[in-house]
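Below is one structure, written out as structure tokens, with a few remarks after it.
Numbering (my numbering), first residue to last: -5 to 339.
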């Protein structure tokens, strides 16, 4: 077999045990990432670790664990747990299926810019970095690695999950239209399938009168997508008062700007052909070039619609961001270092 399953399982068990130890240190106030039986969770992790297409799920789960670990009050215990987290992250990144691989077009790119954006914040402000990205540019990988480098909390799908808890809604009933619309679901045999989900905003499928009335009652007159967005906006603003963090997408830069909350806004993209190449590599030949091109074009259109619908602005327009990066010029590590230098000063 291409991957050493014994080592994969050992790594999955370490991730599960790390989550268990963080939970033990914090108690029940924040809960666990993996709250089912050990064998089920380990098997699921093994599947994720051997499939590059599911890298974002591993990334989100590791981010949740590290976010909670940083709140441990015992300094020595926190240091020990974060040391194990760093080792796990390094081992995950070294896998053949790793999501951390960078794609650099020009190895001779000029040295990193020495300017910085750290003077954006006063001593009373929390550091908040908002990252928008095109799918296939490595933006999420850059955000995750940057958060780890800066020792800041990282939020992506966690935001949506928190909003669902606020709405007391079932996850299957409300789609995460702010993330990319290709979702991972299990079929009747338990196999993970990646499927496209139609966004529920601005031009989504028509709802029946009965469905509209049900939504009207449940979400106080708002559509499900609107209810999620406005609750999500409140959550982001609440978080900004309490902690430093990096957040992917969610129109967070506009939400924070409208509420006069200091932040740094970054947009990450790459040439379309490079994005196609990256997605085909991540999917390990399971998508043809034609299928990948069609997928990316549709996802870009959906991002434009969503951002325009909720902000009135043009997604990806450089005038709305503090920094725009072509990740193909620097790769994952180079882009992280560029941003890190600019935000730390």
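Beta carbons: idealized from backbone N, C-alpha and C, even for Gly.
These numbers were taken from a predicted model, which means no experiment stands behind them.
For residue i, does the three-state DSSP call read helix, strand or coil?
i: residue 133; result: helix
i: residue 2; result: helix
i: residue 146; result: coil
i: residue 320; result: strand
i: residue 306; result: coil
i: residue 30; result: coil
i: residue 41; result: helix
i: residue 121; result: coil
i: residue 127; result: strand
i: residue 79; result: helix
i: residue 315; result: coil
i: residue 286; result: helix
i: residue 333; result: helix
i: residue 87; result: helix
i: residue 296; result: helix
i: residue 65; result: coil
From this set, the options, which residue's C-alpha is nearest residue i's C-alpha?
i: residue 245; options: 233, 299, 304, 229; result: 304
i: residue 152; options: 54, 29, 299, 42; result: 54
i: residue 233; options: 314, 35, 121; result: 121
i: residue 226; options: 217, 156, 333; result: 156
i: residue 324; options: 294, 268, 291, 275; result: 268
Beta-carbon within less than 7 Å of residue i's beta-carbon, same chain only, minus the 5 sequence neighbours each way: which residues are those?
i: residue 320; result: 263, 264
Considering only residues of the same chain and omitting the five flanking positions on each side of residue i, which have a CB-CB separation below 6 Å?
i: residue 329; result: 136, 319, 321
i: residue 124; result: 241, 246, 247, 257, 259
Which term fits residue i, buried or exposed, when burial requires 16 or more other beta carbons within 10 angstroms of its beta carbon?
i: residue 16; result: buried
i: residue 62; result: buried
i: residue -1; result: exposed
i: residue 142; result: buried
i: residue 107; result: Only weak support is given to the placement of residue 107: the predicted model assigns it a pLDDT of 37, under 50, and the question is left unresolved by the model.
i: residue 252; result: exposed
Can you list, in chain order, the residues of its chain with a C-beta nearer than 8 Å to that of residue i? Leave out the 5 residues immediately preceding and following it.
i: residue 66; result: 16, 19, 20, 72, 75
Quick one: is the Cβ of residue i within less than 7 Å of any heavy atom of the ligand NAP?
i: residue 21; result: Absence of the ligand NAP from the depicted structure is noted, as is the absence of any ligand whatsoever, leaving it without description.
How about residue i: is its C-beta nearer than 8 Å to some C-beta of chain C?
i: residue 148; result: The structure shown contains no chain C, having only a single protein chain.
Restricting to runs no shorter than 3 residues, where is the beta strand (DSSP E) found entirely within the region 224 to 282? 239 to 242, 258 to 263
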